[in-house]
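Numbering (the working numbering), first residue to last: 239 to 716. The block underneath contains the structure these notes are about, expressed in structure tokens.
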RNA sequence: GGGGCCAUAGGGUAGCUUGGUGAUCCUUCGGGCUUUGGGAGCCCGAGACCCCGGUUCAAAUCCGGGUGGCCCCA
């Protein structure tokens, strides 16, 4: 059994905005368009999510750094494709006090042009590589489209970007695969389903040789790009003079990759697991994993409260983040709704009956199922976490798969898109034909499916009917 | 990229056409008494016309501009 998902399914946009505010994630009333305030509860989720990616990146030998937010125009404009891709969406700092600056500064929209002049100084020989570093911080983009909390921001506050340099193209290719593995683990642990596509050339990162992207599917049928991995080859190293002495003693340009994830992970976490009662958090990133609500009864009040705190301590001893909600003015029912809205995976109730019989009443947020267990069997809570994770993951994957339609006719593709589906079809690989597909179905060609794709052998292109080379994914996007 | 709608207490609304003491129900917050196994009841209290300019004796209301929000189409 699960709580209803009617509003979530039918009126997603409203549901999302409401939950973000009422659950205490963001305050959207900050007086600048596209900028929002992280509230304490949202900030805790954000911290746990960034800790998770940090842990994985460290395990894969990445080192963390922090670069300045301002980039001089002279560096920013060096790479022709890059500036072309970003010039219409950067914020400029043009003045220092009343003086006009000689060299204007951009608020970084991404940090390649901040990192790479330093790479040129740091890298001297093949022994300095692979160089793998990352940072977590804000980037700024002057979005002209409709801004949305966590989805389309003017300040992306949680941009987790990694930059690497390598002594060979092969090693950069290996790094692309490693980055994909890192992101797969990250999203898997958050129970977020995704597809992995190689973006078409006309939609790759400005300055990259190619771009691989992770997309998930939202309840309204639109896809959301949640991570990208770029092979930069030698494009940036040539403009930023990042050279190294190779084994043969020759100077060579470095091979580079970069990859990033934004606040959209948290948007997905909220959107994909929630229901009409609010959030449902994956236990690993829930600021409170177990909330304990005392059910007071006349003369037993103090003993029951005491028991609650004993349980909390025992839970903390076995590594569970627990909280006792002992607010006096709010009745238990109101507390239940509030913690459900916030997505706390497990609630424990301790009332007079539990007190007498040394039991606790355990309620799961995902299924709302209530059971009573012995108060000495707290290890069982960990099993319940595992079950919640598994259940959320299965449910999200089912939703994801339900949204995908396999199509071999362009009219049918158009129809499916209209019905809020994500389309998979075969494609000849020609750019002209690909753009024609986008025009015809009024959606974006997300790219060539890299994982879980069907063989294109003997298949025909969905549009031109010539020999197909790849399976592609087409969708309306955020 | 194009078009439309909107802004009044923490949230949701009425008032605006026809300028004249800013109201309402539901809610939020503070205080008090009774309560507590799924959103408690009663009493008392707090809190608002988005910003800048114009018209006017007088602007929430009319006019201009700005900022912010939402929706539809491409």
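Note that CB positions come from ideal geometry on N, CA and C, so glycine has one too. Because the structure is a prediction, the values reported are computed rather than measured.
Using alpha carbons as the reference points, say which of the options lies closest to residue i.
i	options	result
residue 333	484, 588, 345 and 324	345
residue 658	461, 430 and 362	461
residue 244	642, 458 and 387	458
residue 403	687, 368 and 614	368
residue 339	360, 308 and 361	308
residue 639	669, 329, 690 and 593	690
residue 279	600, 525, 630 and 601	525
residue 454	614, 642, 360 and 537	642
residue 490	248, 328, 441 and 362	362
residue 416	446, 450 and 264	450
residue 486	269, 405, 619 and 247	405
residue 409	470, 636 and 383	470
residue 701	673, 252 and 716	673
residue 254	421, 240, 527 and 511	511
residue 623	298, 329, 603 and 538	603
From residue i to residue j, what distance separates their C-alpha atoms?
i	j	result
residue 612	residue 633	30 Å
residue 587	residue 563	10 Å
residue 331	residue 376	16 Å
residue 419	residue 532	44 Å
residue 717	residue 552	There is simply no residue 717 to check, as the chain begins at 239 and stops at 716 in what is shown.
residue 591	residue 645	58 Å
residue 431	residue 513	17 Å
residue 391	residue 261	20 Å
residue 468	residue 529	42 Å
residue 448	residue 285	31 Å
residue 509	residue 356	39 Å
residue 480	residue 296	24 Å
residue 335	residue 343	14 Å
residue 488	residue 366	15 Å
residue 473	residue 411	15 Å
residue 581	residue 276	17 Å
residue 247	residue 359	52 Å
residue 314	residue 347	10 Å
DSSP three-state label for residue i, please.
i	result
residue 406	coil
residue 429	coil
residue 330	strand
residue 391	coil
residue 378	strand
residue 668	coil
residue 440	helix
residue 543	helix
residue 454	strand
residue 340	strand
residue 516	strand
residue 601	strand
residue 182	Because residue 182 is not part of the residues shown, which for the chain are 239 to 716, the question remains open.
residue 488	coil
residue 373	strand
residue 245	helix
Can you find the residues in the same chain that come closer than 8 Å, C-beta to C-beta, to residue i, ignoring five residues on each side of it along the sequence?
i	result
residue 679	648, 651, 652, 655, 661 and 712
residue 394	376, 377, 378, 379, 500 and 501
residue 428	287, 290, 503, 506, 507, 520, 522 and 523
residue 371	300, 301, 302, 303, 353, 400, 401 and 402
For residue i, collect the residues of the same chain with a Cβ closer than 6 Å to its Cβ; drop the 5 residues on either side in sequence, then sort them by chain order.
i	result
residue 304	373
residue 681	655, 712, 713 and 714
residue 697	664 and 706
residue 407	493
residue 274	264, 266, 268 and 387
If the criterion is Cβ atoms closer than 7 Å, does the pair residue i and residue j meet it?
i	j	result
residue 482	residue 492	yes
residue 505	residue 389	yes
residue 208	residue 349	Any answer about residue 208 is impossible in this case: the structure gives the chain only from 239 up to 716.
residue 396	residue 271	no
residue 516	residue 579	yes
residue 317	residue 341	no
residue 258	residue 387	yes
residue 464	residue 456	no
residue 437	residue 589	no
residue 626	residue 583	yes
residue 435	residue 687	yes
residue 423	residue 283	no
residue 496	residue 364	no
residue 542	residue 593	yes
residue 565	residue 577	no
residue 704	residue 666	yes
residue 527	residue 558	yes
Excluding the five sequence neighbours on either side, which residues of its own chain have a C-beta within less than 7 Å of the C-beta of residue i, listed in chain order?
i	result
residue 444	319, 320, 322, 323 and 324
residue 617	556
residue 694	664, 706, 707, 708 and 709
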